Every structure is written in C-alpha cells, then in structure tokens.
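Each residue of the sequence shown is one higher than the one before, starting from 1 at the first, in full-length UniProt numbering.
We put the CB at the ideal spot given by N, CA and C, even for glycine.
All values derive from a computational prediction rather than experimental measurement.
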Amino acid sequence: MNLTATSEEAIIEACQRIVKEKGLSAVNMRSVAAECNVAVGSIYNYFPSKSDLLCAAIESIWKDIFYISGSNPGFVCFADCLSWMYESMKEGGRKYPEFFSMHALSFASEDKVRGRRRMEEYFTQLKESLLEILKKDSRVREGAFNESLTPELFTDYILMIFFSSLTDTQQNSAGLLEIVKRCLY
C-alpha cells in the first residue's frame, strides 16, 4: 500500500477509471482508496464524505465529456455547438456507460440537495457558454427573439430538451437541430 498521501487529481482520475470499468454505483471511499493504493483515510483527507467525492467525480466526468477532444472549439454558430455537444455526449456515453442514467440516482437522500446544487452550478456555466455563442451567432435572423421568447428562455428550452434526450439510447440530434435551425435562421 502506498503510504504517502495521494492528490485530489489522482483521486478524481481513479473515480473516472472506476466509472468507466464498473459504473458510477461502484464509486465509494473504499473502492477509490483501493484504486489509488492508499488507506481510506487518505481519501477522507480530500473528500469528507462519499457525497463530496461523488459530486467531484460527476463534475469531472461532465467536464471530460464536453472537453473530450481536448478543447472546446470556438463556435460562431449555435447549431454547430449543439451538434458538437451531441457528438460529445455520444462519445461520453461510450466512455462512461450508464453514466447519464445513473448520476442523478447516486446521492443518498440527504445529499441530493447538495449534489443537485453542485450540478446546477456546472450546468449554469454551460448555459452561459451556450447563451454567449447564441448572442454572437451572426446567422440568427432578425426578429427571432422578442419579449416572449428571449435568448435566455430559448437556451433554457434547448437545454431541457437536450438533457431529457440523454436517456434516449438513440441520442439522435437531428430533430432538435432542425428545431433550432427553423427558429433561428
């Protein structure tokens, strides 16, 4: 056993390996300690609870999925960005089987609120990025938005549809991309 303390980064990488090989439900303090070849107490030095560990692991996996190619391409077209997100999700689904269907169920009931809050923070960043791309998209037609349908509301709707489609094993982006193109361009 490695008696020296590990790092937070090494722990998160171990979590990702466990999720790839055994699924998200296999992530716990003992399995991560075994993967890192350290004592369980070493994991607690970085993550005081299983919920904290899971939150960090899930967030790192989402980041890995959306930056799977190494960097987020600089998009100038909202539809292109959405298409890239679908491709990233398909690749992420292959890399982390069952992640999309299991991550919401991973927290104990008392930790669901905290876990949901952490994920909402990450998704807020994602929404802000999409909104910025939408606002910079020079192809968006005049009058596409008004006081009833703002860019912010449009982005909310698109993300709701996008995330609800993650449980669909087909993960076909064609329908949503067509809606986006008809609404925007």
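Measuring alpha carbon to alpha carbon, tell me which of the options ends up nearest residue i.
| i | options | result |
| --- | --- | --- |
| Glu152 | Ser25, Asp52, Glu8 and Glu128 | Glu128 |
| Arg94 | Leu184, Leu166 and Glu121 | Leu166 |
| Asp156 | Gly74, Ala14 and Leu131 | Leu131 |
| Lys9 | Glu21, Val32, Lys20 and Leu24 | For the sequence presented, residue 9 should be read as Glu rather than Lys. Ranking Glu21, Val32, Lys20 and Leu24 by Cα distance to Glu9 puts Val32 first. |
| Ala26 | Phe78, Leu82, Tyr46 and Glu98 | Glu98 |
| Phe123 | Lys63, Glu147 and Glu178 | Lys63 |
| Ile133 | Arg117, Phe100, Ala174 and Gly74 | Gly74 |
| Arg139 | Leu159, Ser42, Glu13 and Val76 | Val76 |
| Lys181 | Val40, Ser83, Ala57 and Cys15 | Ser83 |
| Ile58 | Ser173, Gly23 and Ile43 | Gly23 |
| Asn172 | Glu87, Ser148, Asn146 and Tyr96 | Glu87 |
| Leu159 | Lys50, Glu120, Ala34 and Asn146 | Glu120 |
| Tyr96 | Arg117, Ser42, Lys50 and Glu21 | Glu21 |
Going by DSSP, what residue range makes up the alpha helix (DSSP H) through residue i?
| i | result |
| --- | --- |
| Ala174 | Ala174 to Leu184 |
| Thr150 | Premise fails: Thr150 is in no alpha helix (DSSP H) and is neither H nor E. |
| Arg17 | Glu8 to Lys22 |
| Ser138 | Where Ser138 is concerned, there is no enclosing alpha helix (DSSP H), given that its DSSP letter is neither H nor E. |
| Val32 | Met29 to Cys36 |
| Phe47 | No alpha helix (DSSP H) holds Phe47; DSSP gives it neither H nor E. |
| Phe100 | Phe99 to Met102 |
Can you tell me whether residue i is helix, strand or coil according to DSSP?
| i | result |
| --- | --- |
| Leu166 | helix |
| Ile68 | Caution applies to Ile68, whose pLDDT of 46 falls short of 50 and renders its modelled position unreliable; the value that the coordinates give is listed next. In the structure shown, Ile68 sits in coil (DSSP, three-state: anything other than H, G, I, E or B). |
| Cys81 | helix |
| Tyr96 | coil |
| Val76 | coil |
| Ala56 | helix |
| Ala26 | helix |
| Gly143 | coil |
Please look up how many angstroms separate the CB atoms of residue i and residue j, rounded, as I've assumed it's under 8 Å.
| i | j | result |
| --- | --- | --- |
| Phe162 | Leu176 | 7 Å |
| Thr6 | Cys36 | 5 Å |
| Ile18 | Tyr46 | In fact, because the Cβ distance is near 16 Å, the residues do not count as touching under 8 Å. |
| Asp137 | Phe78 | 5 Å |
| Cys183 | Ala144 | 6 Å |
| Gln16 | Ile61 | 6 Å |
| Val38 | Arg30 | Contact doesn't hold; Cβ gap of about 11 Å is too wide. |
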